[in-house]
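With our numbering applied, the sequence shown corresponds to residues 2 to 231, in that order.
Backbone N, C-alpha and C fix where the C-beta goes; we use that ideal spot for every residue, glycine too.
As the structure is a computational prediction, the values presented were derived from the model and not from experiment.
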Amino acid sequence: MHEDLKAVHKAPLFAGLFPDEIEQLLGHAKRRTLKAHENLFAEGDQASAFYFIVTGSVRLYRLSPQGNEKVIEILMAGQTFGEAVVFLGGHYPVYAAALSDAVLVEIPTGDFVRILKANGGMALRMLASISMRLHQLINDVQALTLETAGQRVAGYLLDQSPADANSGDVHIQVHKNVVASRLGVKAETFSRVLAALRDLGLISVAGNDIHITDRARLAQWRDEAGSGRP
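Printed below as a string of structure tokens:
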């Protein structure tokens, strides 16, 4: 568990805190393990903790009245989720399930909130980290509502590759159908966009490994993909 807690220190949520403050907040944290596809919590469950992913991956999703699954977010090692329940309380607004075997750190909200209430400076610095995360989520919503399918896929590839290189490699660690759902496109549309980008010489594809041949050209294609593109 000690090594797991050391990993939590690197979470963006705690970026503004000192090591001793993080140790204090994690005083009642515990280790959780999940098998691939095992559910962690369901929409509507009482929210009593939030989580840090040590290894593996987790998907957050909702179900339509018809029972269709819509992936809200794909989370990998090093990320936290469920933080909003720390401040809002109540119930989880989504389902959470492991995409692969996963090790998590479960952080109970009760003691966490008590410590934050007693330390206003700590709470404000954590709020700044959460605000940055919210800004990213707003950008994600904008992409889902204003961009074409081609723009979403190209943007996803650019986001997953190093921004300081002319080319880059992307390894999709989950099933492509899950990524497609996260981007708000059908699986066949996702594959069609990848094929179009490959035919244009912007990427090469080998299974779940995608090589971006020219980031600048791919970014230009994304910006021009508002009409007449996949």
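Close Cβ partners of residue i (< 6 Å) along its chain, the five nearest in sequence each way excluded
{"i": "L6", "result": "L27"}
{"i": "E22", "result": "M123"}
{"i": "A43", "result": "Y96"}
{"i": "T190", "result": "A150"}
{"i": "G45", "result": "H92"}
Where residue i falls: helix, strand or coil (DSSP)
{"i": "K18", "result": "Note that residue 18 is Leu in the sequence shown, not Lys. Note: L18 maps to coil in three-state DSSP."}
{"i": "N178", "result": "helix"}
{"i": "L26", "result": "helix"}
{"i": "Q47", "result": "strand"}
{"i": "L125", "result": "helix"}
{"i": "P13", "result": "helix"}
{"i": "E225", "result": "coil"}
Buried versus exposed, by CB contacts within 10 Å (16 or more), residue i
{"i": "S205", "result": "exposed"}
{"i": "E84", "result": "buried"}
{"i": "T81", "result": "buried"}
{"i": "A226", "result": "buried"}
{"i": "Q152", "result": "buried"}
{"i": "F15", "result": "buried"}
{"i": "L158", "result": "buried"}
{"i": "L219", "result": "buried"}
Beta-carbon proximity check, residue i vs residue j, cutoff 8 Å
{"i": "L100", "j": "S58", "result": "yes"}
{"i": "T56", "j": "V104", "result": "yes"}
{"i": "A98", "j": "F53", "result": "no"}
{"i": "A150", "j": "V194", "result": "yes"}
{"i": "N167", "j": "D200", "result": "no"}
{"i": "Y93", "j": "N40", "result": "no"}
{"i": "F51", "j": "V86", "result": "yes"}
{"i": "K31", "j": "E107", "result": "yes"}
Own chain, CB closer than 7 Å to residue i, minus 5 neighbours either side, in chain order
{"i": "A188", "result": "K177, N178, A181"}
{"i": "V175", "result": "S58, I75, L100"}
{"i": "V72", "result": "R60, Y62, V179, S182, R183"}
{"i": "S29", "result": "Strictly speaking, residue 29 in this sequence is His, with Ser absent from that position. If we look at H29 and ignore the five residues flanking it on each side, its Cβ neighbours are P109, D112."}
{"i": "G169", "result": "S162, P163, I213, R216"}
{"i": "R33", "result": "L105, E107"}
{"i": "P20", "result": "H10"}
Close beta carbons around residue i, own chain, < 8 Å, minus the five adjacent residues each side
{"i": "R126", "result": "G17, L18"}
Within-8 Å CB hit, residue i to chain C
{"i": "D224", "result": "Absence of chain C from the displayed structure is noted, only one protein chain being present."}
Which runs of the beta strand (DSSP E) spanning at least 3 residues fall entirely within the segment 50-105, listed in chain order? The qualifying runs are 50-56, 58-64, 70-77, 96-99.
Segments of 4+ residues assigned as alpha helix (DSSP H) that fall wholly inside the segment 165-213: Taking only runs of at least 4 residues, the alpha helix (DSSP H) segments lying wholly in the segment 165-213 are 177-184, 188-200.
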